[in-house]
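Residue numbers (my numbering): 6 to 165. Ideal Cβ positions, reconstructed from N, Cα and C, are used throughout, including at glycine. This structure is a prediction, so every number in the text was calculated from the model and none was measured.
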């Protein structure tokens with residue numbers, strides 16, 4: 006059993022400790038699905054004010070639902086469609102303060118108001134995306150984006 010006592014006093018401390026926990030959980034484990042499942046659970050447990058946390062995997066040039074925490078979700082998302090598809094197509098983090106203002110947003114959960122999607126790239130190959138949703142508008146900021154990008158740099162070689 007894993008137990009992590011992660012400080013939420015400051016965002017930089019939170020993401021530094023979250024990175025150490027992610028590293029500990031995934032180090033030496035070769036199974037990509039197991040690693041994504043544990044990371045989704047860890048993020049869900051630690052980050053406040055989320056209603057969905059999980060992964061979409063790049064399978065044959067489209068995003069396919071991977072391990073997650075939250076309500077049942079859309080299973081397949083084409084590249085370029087919605088926030089996740091935009092992140093996959095551009096390979097750039099998408100930080101959306103109001104999902105209702107995002108053209109083509111896919112509403113898997115009507116309660117979601119803001120979203121952060123981070124592409125997971127290893128050696129030039131898009132492996133998938135990390136998707137975080139919140140019921141609060143403007144829940145995510147540049148600190149969250151940078152912190153989650155750092156997390157995905159650790160995870161990427163462990164999910165190939």
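| query | Beta carbon of residue 121, beta carbon of residue 132: below 8 Å? | reply | no
| said: Among 80, 7, 49, whose alpha-carbon lies nearest the alpha-carbon of residue 64? | reply: 80
| query | Across which residues does DSSP place residue 80 in a beta bridge pair? | reply | BP columns for residue 80 are empty, so no partner.
| query | Does the stretch 87 to 94 touch the stretch 142 to 153, meaning 3 or more C-beta pairs lie closer than 8 Å? | reply | no
| said: Check this for me: beta carbons of residue 140 and residue 56, under 8 Å apart or not? | reply: yes
| query | Can you list, in chain order, the residues of its chain whose CB lies under 6 Å from that of residue 58, leaving out five sequence neighbours each side? | reply | 45, 48, 49, 74, 137
| field | Close beta carbons around residue 111, own chain, < 7 Å, minus the five adjacent residues each side | value | 79, 82, 86, 87
| task | Please report how far the alpha carbon of residue 135 lies from the alpha carbon of residue 42, in whole angstroms. | result | 12 Å
| task | For residue 14, collect the residues of the same chain with a Cβ closer than 8 Å to its Cβ; drop the 5 residues on either side in sequence, then sort them by chain order. | result | none
| field | C-alpha distance - residue 108 paired with residue 70, whole-angstrom precision | value | 21 Å
| request: Pull up the CB-CB distance for residue 123 and residue 154, whole angstroms please, since I reckon it's below 8 Å. | output: 6 Å
| Going by C-alpha distance, which of 163, 151, 161, 162 is nearest residue 19? | 151
| message | Counting C-beta neighbours from all protein chains within 10 Å, is the total for residue 96 16 or more, i.e. buried, or is it exposed? | response | exposed
| task | Return the chain-ordered list of same chain residues with a C-beta closer than 8 Å to the C-beta of residue 66, the five sequence neighbours on each side being excluded. | result | 84
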